[in-house]
Amino acid sequence: MLIRYKKTFEKIAMGLLSFMPNEKDLKKLQLTMKEYETEENWQLFLWKEEDIIGLLGVLYHNEENTIEIQHISVNPSHRYQGVGKRMVKSLREMYADKVIVPNENTAPFIEKCDVC
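Numbering (our numbering), first residue to last: 8 to 123.
This is how it looks when you write it as structure tokens:
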């Protein structure tokens with residue numbers, strides 16, 4: 008189930024976000040987390056089953072009626088089980104009136120899963 012990010016989940020979110028290739032550097036990771044916490048058009052979601060095992064970060068483009076998937080990450084021990092695909096599917100259901108698009112970093116995964 009997708010849940011909205013809260014500050015209490017910061018360490019878990021940072022850990023999951025650090026699996027993204029462009030978020031390996033600690034300073035870059037902290038800057039990205041700050042954007043999700045302060046920018047109103049940036050939203051972070053966590054995927055919770057028994058534990059939090061995935062993360063999905065989006066950027067709202069209200070004028071274009073689109074939601075751009077900025078980040079998608081799954082705990083390595085839960086990969087290849089369809090978690091990422093379920094996260095994107097759940098996002099599409101939550102925002103059925105919006106067009107969901109990947110960015111250049113998430114496009115290869117989204118295209119492979121054929122979920123947008």
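Heads up, the beta-carbon is just placed ideally off N, CA and C, and yes, glycines get one too.
Just so it is clear, the structure is predicted and the values come from calculations on it, not from any experiment.
Backbone CA spacing between residue i and residue j [nearest angstrom]
i, j, result
"methionine 94", "leucine 53", "9 Å"
"isoleucine 74", "isoleucine 59", "23 Å"
"cysteine 120", "glycine 91", "9 Å"
"aspartate 104", "lysine 31", "34 Å"
"lysine 41", "tyrosine 12", "12 Å"
"lysine 96", "glutamate 70", "23 Å"
Whether residue i touches residue j by CB criterion (8 Å)
i, j, result
"methionine 21", "lysine 55", "no"
"leucine 128", "leucine 62", "Any answer about residue 128 is impossible in this case: the structure gives the chain only from 8 up to 123."
"tryptophan 49", "leucine 66", "yes"
"methionine 27", "asparagine 82", "no"
Residue range of the unbroken beta strand (DSSP E) whose run includes residue i
i, result
"arginine 11", "9-11"
"lysine 55", "49-55"
Range covered by the alpha helix (DSSP H) that runs through residue i
i, result
"threonine 45", "33-45"
"serine 80", "That residue, serine 80, is in no alpha helix (DSSP H); its beta strand (DSSP E) goes 73-81."
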